[in-house]
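S.K.: Please see the structure below; I have some questions.
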Amino acid sequence: MKRYLVYLREYKWYCILGAASKWIEAVLELLVPLVMANIIDVGITARGSIGYVLAGGGVMLAMGAVGFGCAIFCQRSASIASQGFGTNVRNALFRHINTLSYRELDKIGTASLVTRTTNDVNQMQSSVAMIIRLVVRAPFIAAGAVVLCFVIDWQIGLLVTVISVLVGLVLWVIMHKTVPCYAKNQKKLDRLTQITNENLEGARVVRAFSRREGERARFDAAAEDMLDNSLRIGKISAWLNPLTYAIVNFGVALILAFCDFKVHTPAGFSSGDIVALINYMAQILNAMIVISNLISLFTKGYASMNRVSEVFDLKSCLADGEDAEADFTKPAVEMENVSFSYAGTEQYSLTGVTLTIPRGATVGVIGGTGSGKSTLVNLLPRLYDASCGRVKIFGRDVKEYPMFALRQLFGVVPQNAVLFSGTVRSNLRWGKSDATDEEMNEALKTACAYDFINEKGGLDQAVTEAGKNFSGGQRQRLTIARAVVGKPAILILDDSCSALDFATDAQVRKNISELTDLTTIIISQRASSIRGADVIYVMEDGKVVGSGKHAELYENCPLYREICDSQTRA
Amino acid sequence: MGRDLSKKKFKSGITRRLLTYVRPYGGYVAGAVIFSILYVAFVLVGPVLSGWAIDAMFEESKLFEKVWLLVVGFALCVLLASLSQKLLGNCVNSLCYKLVKDLRRDAFQSLTGSRVKYIDTHAQGDVMARVVTDVDIVSDGLLQGVAQLFTGVMTILATLVVMFVINYLIALVVVILTPLSLFVAAFITKRTFRSFTKQVRVQGELAAHVKEMLGGQKTVVLFNEERASCDKFEEIDARLYDIGWRAQYYSALTNPSTRFVNAVIYAVVGVLGAIFCILSAESGGVLELGALTLSGFTVGMLSVFLSYANQYTKPFNEISNVITQLQNAFASAARVFEVVDEPGEKLDGENRIEKVRGDIRIENARFSYDPAQKLIENLNVDVKAGSKIAIVGPTGCGKTTLINLLMRFYDLDGGTIYVDGIDAKTIPLDEYRKMFGMVLQESFLAGETVAWNIAYGNEGASREQIEAAAKAAYCDFFIRNLEKGYDTVLTGNVNISQGERQLLCIARVMLANPPMLILDEATSNIDTMTEMRIQKAFKKIMQGRTSFIVAHRLSTILDADLILVMNHGAVIEQGTHEQLMEKQGFYYRLYNSQFAQ
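Line order of the protein sequences matches chains A and B. Residues 1 to 570, numbered by the numbering used here, are exactly what the first sequence covers, in order. Residues 1001 to 1597, numbered by the numbering used here, are exactly what the second sequence covers, in order.
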């Protein structure tokens, strides 16, 4: 918990003063029944003085006004401090995430990282607000009310203590019983969501098999199941208010009976005392309910904090290199006996890969799913570090380069064509931040994307989230344009023409081959996409099982021949 | 004016429809009304009795019995009040959850019966939110809201009545002070609402940025865009801070403000009551105020008023909350009813085919998704039973549209599809679709067991039949390697590849055993071994059936009985491979660019 105090430091005074002002409000609130009791006992019973009563009323109003002022000050401080805290944590978290390598990000997963930066930090933020606003107030009021009851009469004080404990017990039992049910309910709701989603995504399949009725029955069963669980929760939690109300007011009845017994004894009980006692009982009940809400809020906040801490605990295993210049006279890529395994697995995804790619060459990599093709190219721009062996780019170990400089050497077209919301222009500028229109249009032409972009609205055409307003093939071509606009030294195409028809695929490859001084690495499942390459590497189970030109491989490598045949022959 | 009127009409329409959902549960409604009346009555009588008890204690001629009777009466009131509150809770819960279920069921039913066009043209997230989240908002807002509103109004009214009976002057003062509370609450709600909507927008922006950037983190890293991404994040976050603390502050004002109003009312009632006590005592049990003479005011009565002053303002705050909740509920209900009202597919037809041969003729078909953009014009295809038709053409040429039309996912704008010489439109939809087996590229499987999924088109299938189909589709071996074999539930973390999923889809069609097939070959991301198995399975399943294949593989095209070459929504060439190659047209060029090198 300590590590988060840093983010609160600049709001230290907001926290302290906020909590302090809340405390003042609580004290005043506790004193009101005493003033009222005093009005009754002194003002009415003893003196019968209207002036005294008015003075008492004035005091109560003043206390209310001061309390109100304190409360407003506290709410404002709490809002500023907690939101500021949340903002600081979020910024630090996002910045931290951006320093992590893929190896660490894989551990948590994107979807979870998104909820951690948003929901979990929000949860922590509201915990901070509640600490400032209520942690001082609610227990203080509950405890203070009990103490003041003791002041009036110790026996009644004991009674009130017992009642408070009972109320606490009821709150605890009900929470304890319902919390797991709520978790279950969430699961049941997830199931309804899942079935709905399947009927949206699989709308065609459901209709093709005429399974309308079957799906309805499935949904009804799940809804019925959820209904049962909801009703069960409802039955338990519907006890909360009646039970606490009953306990507190039975307490009041006992106090009345007890007072009646004591009124005419020497201990002496005034009517003002009784009115004050009844009032304190009400305050205790309210405070206890607030405390129980606080507890559930804090459990959530604590869980969120742990989830956020998990992310902060991750440290990037990729150290930045000092300073290295690419030596363009050396081969573009050299791998010396490189092996690699993903985090948490014993199994090697790459074993003993040794290869050299000369500058300007076009290289093809082919193999089945899981053969290690993508892993191989991920090591080049250091998305991961090799477990053993050495990877050299233009004569330097990748670890010697500053990350920024290394990655500038590459243009990568990833397997899933990811675009970002903005415009075509803003997306292309990822490849080169100061690219001119001319350069961008040229890149679009290379990627066979110029025509459809021009039809659609040119470089200023909007791109929606993940580029959903473009078809799969169009997205792929745009990502290719983005990769070539910065004129990289090495271009990696990771199965990035799969959504293109064969003619366009061929045209794009032809355009790319015309770029000068470019080393190209093409990964593909299609034999036709790589058959013209200078060298083809055939991969299986993380190993290079064959290399050479198409004709040689077709003669010598059985796997390669099998792949080619399966795709071209009847 | 006109807009207001239509808005009112719209609301009353929704109310009427919601009432039809309430009707089956009239018992719960009656129960809720009765128990809330009882609850309010007992809650209010309680303090009166305790007030009398206090007075009785200090009476000169003190009667123990009287005090005891009053205390026991008070305890009884408490007991009955809590019992009725519990029963009220049960009624509201049952009503609320059951209604939610019904509403959801209807929305889902409408969804399953809707036209494919509806699903294609509406954002899935939005439709899902309507079925899942919006229904919850309706139940929360409407039912719990109404319950609170009802008890709230009851409490206010009953409190006022009792206060007026005891002492109408103090009651009058309380009534005059009441608007203060309402005013404060309304003021705060309005400011809060505005800043909350702003906050939600910025929060959405932030989440979208995080999602987009982390989703594409690999790209972000590779293009050295981390700095820019962080800067953008901080820029949005700064705006969120600014709007966030204000929103939180405004909403946090509600409690202190109402506490303050409460304190004012408490003090005024206390002072006024105390003065009346003194005056009553001075004039011997009656209260004389100028020309007015009221019955005497006692400390016990004061205690009643103080109790009431504490609980009187609470319902007012609740009511202002309830009103926003109700507004949300109406908005959500309208969204849910839109789904419920979505017109369904036309299911019935008068023609039945006993034994399907599988001749298909498409005549003068015309279709477009968007009237402004012509797509399929004058399409004519004649297919003999049992033949194999390959559909080829560049991306976006209309291959998928053809499948949509054949499966009657979309209706033709003109022309006719004949099956065995009968107009497809006149065949009952379910029977028509069962004539086709469909395997698409995006292989959809439900989150149920493997066996359940294979038996999707043949619900009554035995385990033997299921396994036989799986063997025939070459998936038996990998299914057996799954943790629970055929009983493995296909959730996101089950490790089966895209290709294996497609094999399961083939098994599913094999078990359904339809006379005609529509197959969509996968283009990528399938490893070679699985690819070969799919080819083999396709070949096996096509035997003797009329089959349409969206083709990417040479092997499929070469031995097809008929190749349809599509471009821009039209079939521009058709014939066998040899015929088309001889023609040296579009197909010839396409073929050469793909396969010859």
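Glycine included, each C-beta is placed from N, C-alpha and C at the ideal position.
Name the residue from B:1280, B:1302, B:1303, B:1125 whose alpha carbon lies nearest to the alpha carbon of residue 1292 of chain B.
M.R.: The residue labelled residue 1292 of chain B in the question sits at position 292 within the second sequence. Comparing Cα positions, the closest option is B:1280.
S.K.: Let me see if you follow: with CB-CB separation under 7 angstroms, is residue 131 of chain A close to chain B or not?
M.R.: Counting from one through the first sequence, the residue named residue 131 of chain A turns up at place 131. With 7 angstroms as the cut-off, residue 131 of chain A does not count as an interface residue toward chain B.
S.K.: At a CB distance below 7 angstroms, what residues from the segment 1468 to 1495 of chain B approach chain A? Give them in sequence order.
M.R.: none
S.K.: Counting only beta-carbon atoms, is residue 1447 of chain B nearer than 7 angstroms to chain A?
M.R.: Position 447 of the second sequence holds residue 1447 of chain B. Closer than 7 angstroms to the CB of residue 1447 of chain B there is at least one CB belonging to chain A.
S.K.: Pairing CB atoms from the segment 421 to 438 of chain A with CB atoms from the segment 507 to 516 of chain A, are three or more of them under 8 angstroms?
M.R.: no
S.K.: At 3 residues or longer, and completely inside the segment 1425 to 1496 of chain B: list those beta strand (DSSP E) runs for me, N to C.
M.R.: 1436 to 1439
S.K.: Would DSSP call residue 1373 of chain B helix, strand or coil?
M.R.: Working through the second sequence from its first residue, we reach residue 1373 of chain B at position 373. Of the three classes helix, strand and coil, the one that applies to residue 1373 of chain B here is strand, per DSSP.
S.K.: Under the three-state reduction of DSSP, which class applies to residue 397 of chain A: helix, strand or coil?
M.R.: Here residue 397 of chain A refers to the residue found at position 397 when the first sequence is read from its first residue. If DSSP states are grouped into helix, strand and coil, residue 397 of chain A belongs with the strands.
S.K.: Going by DSSP, what residue range makes up the alpha helix (DSSP H) through residue 198 of chain A?
M.R.: For the purposes of this step, residue 198 of chain A is taken as residue 198 along the first sequence, with counting starting at 1. Counting along the chain, the alpha helix (DSSP H) containing residue 198 of chain A begins and ends at 154 to 201.
S.K.: May I have the straight-line CA-CA distance separating residue 1314 of chain B from residue 212 of chain A, to the nearest angstrom?
M.R.: Position 314 of the second sequence, counted from the first residue, corresponds to residue 1314 of chain B. Position 212 of the first sequence, counted from the first residue, corresponds to residue 212 of chain A. Answer to the nearest angstrom: the Cα atoms are 49 angstroms apart.
S.K.: So what does residue 1517 of chain B bridge to, in DSSP terms?
M.R.: As a first step, residue 1517 of chain B is located in the second sequence; it is residue number 517 there, counting from the start. BP columns for residue 1517 of chain B point to B:1437, B:1547.
S.K.: Going by beta-carbon coordinates alone, are residue 1150 of chain B and residue 1036 of chain B separated by less than 7 angstroms?
M.R.: The count along the second sequence starts at 1 and reaches residue 1150 of chain B at position 150. The count along the second sequence starts at 1 and reaches residue 1036 of chain B at position 36. Contact: yes.
S.K.: Over what stretch of residues does the alpha helix (DSSP H) that includes residue 544 of chain A continue unbroken?
M.R.: Reading the first sequence from its first residue, position 544 is the one you call residue 544 of chain A. Per DSSP, residue 544 of chain A belongs to no alpha helix (DSSP H); it is in the beta strand (DSSP E), 543 to 548.
S.K.: Are the C-beta atoms of residue 166 of chain A and some chain B residue less than 7 angstroms apart?
M.R.: Here the question's residue 166 of chain A lines up with position 166 in the first sequence. No, residue 166 of chain A does not count as interfacial toward chain B.
S.K.: With C-beta atoms as the reference, is residue 99 of chain A less than 7 angstroms away from residue 316 of chain A?
M.R.: Translated into the one-based positions of the first sequence, residue 99 of chain A becomes position 99. Translated into the one-based positions of the first sequence, residue 316 of chain A becomes position 316. Yes, they are a contact pair.
S.K.: Any beta carbon from chain A within less than 7 angstroms of residue 1252 of chain B's own beta carbon?
M.R.: For the purposes of this step, residue 1252 of chain B is taken as residue 252 along the second sequence, with counting starting at 1. With a threshold of 7 angstroms between beta carbons, residue 1252 of chain B makes contact with chain A.
S.K.: Give the residues of chain B in contact with residue 394 of chain A, contact being defined as C-beta atoms less than 9 angstroms apart.
M.R.: Here residue 394 of chain A corresponds to residue number 394 of the first sequence, with the count starting at 1. Under the 9 angstroms cutoff, chain B gives no residues; its nearest Cβ is about 17 angstroms from residue 394 of chain A.
S.K.: So is residue 1013 of chain B in contact with chain A if we call contact Cβ pairs under 7 angstroms?
M.R.: As a working note, residue 1013 of chain B is residue 13 in the second sequence. Cβ-Cβ to chain A under 7 angstroms: no for residue 1013 of chain B.
S.K.: Out of curiosity, what's the CA-to-CA distance linking residue 258 of chain A and residue 246 of chain A?
M.R.: In the first sequence, residue 258 of chain A corresponds to position 258, counting from 1. In the first sequence, residue 246 of chain A corresponds to position 246, counting from 1. Taking the straight line joining both Cα atoms gives about 18 angstroms.
S.K.: Leaving out the 5 sequence neighbours to the left and right, which residues in its chain are closer than 7 angstroms to residue 1045 of chain B when beta-carbon positions are compared?
M.R.: Mapped onto the second sequence, residue 1045 of chain B falls at position 45. If we look at residue 1045 of chain B and ignore the five residues flanking it on each side, its Cβ neighbours are 1077.
S.K.: Contact check, residue 541 of chain A vs residue 371 of chain A under 8 angstroms by CB: the rounded distance?
M.R.: By 1-based counting over the first sequence, the position of residue 541 of chain A is 541. By 1-based counting over the first sequence, the position of residue 371 of chain A is 371. Confirmed, about 6 angstroms.
S.K.: Would you mind reading off the limits of the beta strand (DSSP E) that contains residue 1368 of chain B?
M.R.: For the purposes of this step, residue 1368 of chain B is taken as the residue at position 368 of the second sequence. Neither: residue 1368 of chain B is in no beta strand (DSSP E) and is coded neither H nor E.
S.K.: Is the Cβ-Cβ distance between residue 491 of chain A and residue 518 of chain A less than 7 angstroms?
M.R.: For the purposes of this step, residue 491 of chain A is taken as the residue at position 491 of the first sequence. For the purposes of this step, residue 518 of chain A is taken as the residue at position 518 of the first sequence. Yes, the Cβ-Cβ distance between residue 491 of chain A and residue 518 of chain A is below 7 angstroms.
S.K.: Could you tell me the boundaries of the alpha helix (DSSP H) in which residue 1116 of chain B lies?
M.R.: Translated into the one-based positions of the second sequence, residue 1116 of chain B becomes position 116. Taken as a continuous stretch (DSSP letters only), the alpha helix (DSSP H) holding residue 1116 of chain B covers 1116 to 1121.
S.K.: Give me the Cα-Cα distance between residue 300 of chain A and residue 487 of chain A, rounded to the nearest whole angstrom.
M.R.: If you number the first sequence from 1, residue 300 of chain A lands on position 300. If you number the first sequence from 1, residue 487 of chain A lands on position 487. Going by the C-alpha atoms only, they are around 50 angstroms apart.
S.K.: Counting only Cβ-Cβ distances shorter than 9 angstroms, please list the residues of the segment 1211 to 1223 of chain B near chain A, keeping chain order.
M.R.: 1211, 1212, 1213, 1214, 1215, 1216, 1217, 1218, 1219, 1220, 1221, 1222, 1223
S.K.: Using 8 angstroms as the Cβ pair cut-off and three pairs as the minimum, do the segment 1427 to 1441 of chain B and the segment 1511 to 1520 of chain B touch?
M.R.: yes
S.K.: Ignoring anything shorter than 3 residues or poking outside the segment 277 to 354 of chain A, list the beta strand (DSSP E) runs there in chain order.
M.R.: 333 to 340
S.K.: Below 7 angstroms between beta carbons is the criterion; list the residues of the segment 1147 to 1174 of chain B that meet it against any residue of chain A, in chain order.
M.R.: Answer set for the segment 1147 to 1174 of chain B: empty.
S.K.: If we cut at 7 angstroms on Cβ distances, does residue 1078 of chain B have a partner in chain A?
M.R.: As a working mapping, residue 1078 of chain B is identified with position 78 in the second sequence. By this cut-off, residue 1078 of chain B is an interface position.
S.K.: Give a yes or no on whether the minimum CB-CB distance between residue 1591 of chain B and chain A is below 7 angstroms.
M.R.: Looking up residue 1591 of chain B in the second sequence gives position 591. Not one chain A Cβ lies under 7 angstroms of residue 1591 of chain B.
S.K.: Could you check whether the segment 1339 to 1349 of chain B touches the segment 1109 to 1117 of chain B, counting it as contact only if at least three pairs of C-beta atoms, one from each stretch, sit closer than 8 angstroms?
M.R.: yes
S.K.: State the DSSP-derived secondary structure class of residue 1388 of chain B, mapped to helix, strand or coil.
M.R.: As a first step, residue 1388 of chain B must be located in the second sequence, where it is residue number 388. Correct three-state label for residue 1388 of chain B: strand.
S.K.: Out of B:1196, B:1229, B:1200, state which residue places its alpha-carbon closest to the alpha-carbon of residue 1209 of chain B.
M.R.: In the second sequence, residue 1209 of chain B corresponds to position 209, counting from 1. Ranking B:1196, B:1229, B:1200 by Cα distance to residue 1209 of chain B puts B:1229 first.
S.K.: Does residue 1053 of chain B get closer than 7 angstroms to chain A when you measure Cβ to Cβ?
M.R.: For the purposes of this step, residue 1053 of chain B is taken as residue 53 along the second sequence, with counting starting at 1. Taking Cβ atoms only, chain A reaches closer than 7 angstroms to residue 1053 of chain B, which makes this a yes.
S.K.: For the alpha helix (DSSP H) that contains residue 1304 of chain B, what are its first and last residues?
M.R.: Within the second sequence, the letter at position 304 stands for residue 1304 of chain B. Its alpha helix (DSSP H) spans residues 1299 to 1312.
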